[in-house]
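Visitor: Under the numbering used here, the first residue of the sequence shown is numbered 6, with each subsequent residue one higher. Ideal Cβ placement from N, Cα and C applies to all residues, glycine included.
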Amino acid sequence: QVQLVESGGGLVQPGGSLRLSCTASGSIFRINAMGWYRQAPGKQRDVVAVITNGGTTNYADSVKDRFTISRDNAKNTVYLQMNSLKPEDTAVYYCNAQATYGGPFWGQGIQVTVSS
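(1) Looking at the unbroken beta strand (DSSP E) that takes in Ile56, where does it start and where does it end?
(2) Do you know whose CA, among Ile56, Asp77 and Thr118, lies nearest Thr95's CA?
(3) Roughly how many angstroms separate the alpha carbons of Gln11 and Pro109, rounded to a whole number?
(4) Taking a contact to mean a Cβ-Cβ separation below 8 Å, would you say Leu161 touches Val17 in this structure?
(5) What separation, rounded to the nearest whole angstrom, lies between the Cα atoms of Ile36 and Gly112?
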């Protein structure tokens, strides 16, 4: 199994920034990609950004040029730097790990609220 623990959410004003962190533990050797998803009230869970073990990144069109995903392999941690936040970015953000077998794995979710 893989355990994922998120941190860094909260309340921020429009135009502000937040950085989310997700630390993986357990059978991390299974992981071949990690990413962030989000789910707003009444909506489906959608992908925000993904980074592979090789460092390839992909972003949802709605966050390109504003969000950056990165990883620190020594800390088994993936980050999501969110800049120029908008009210429509408000959602519960979930860390995700894709695995060679047994996955996908999910964190518990963390609230991000963008409001003045």
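Guide: Short version:
(1) Reading the sequence shown from its first residue, position 51 is the one you call residue 56. Asp51 to Thr57 is the span of the beta strand (DSSP E), which, as asked, contains Ile56.
(2) Here residue 95 is taken as the residue at index 90 of the sequence shown, counted from 1. The residue with the shortest Cα to Cα distance from Thr95 is Thr118.
(3) What you label residue 11 is simply residue 6 of the sequence shown in a count that begins at 1. What you label residue 109 is simply residue 104 of the sequence shown in a count that begins at 1. One point to set straight first is that residue 11 is Glu, not Gln, in the sequence displayed. Answer to the nearest angstrom: the Cα atoms are 16 Å apart.
(4) Nothing can be reported for residue 161, as the shown portion of the chain is limited to 6 through 121.
(5) Against the sequence shown, residue 36 aligns to sequence position 31. Against the sequence shown, residue 112 aligns to sequence position 107. For Ile36 and Gly112, the distance between alpha carbons rounds to 14 Å.
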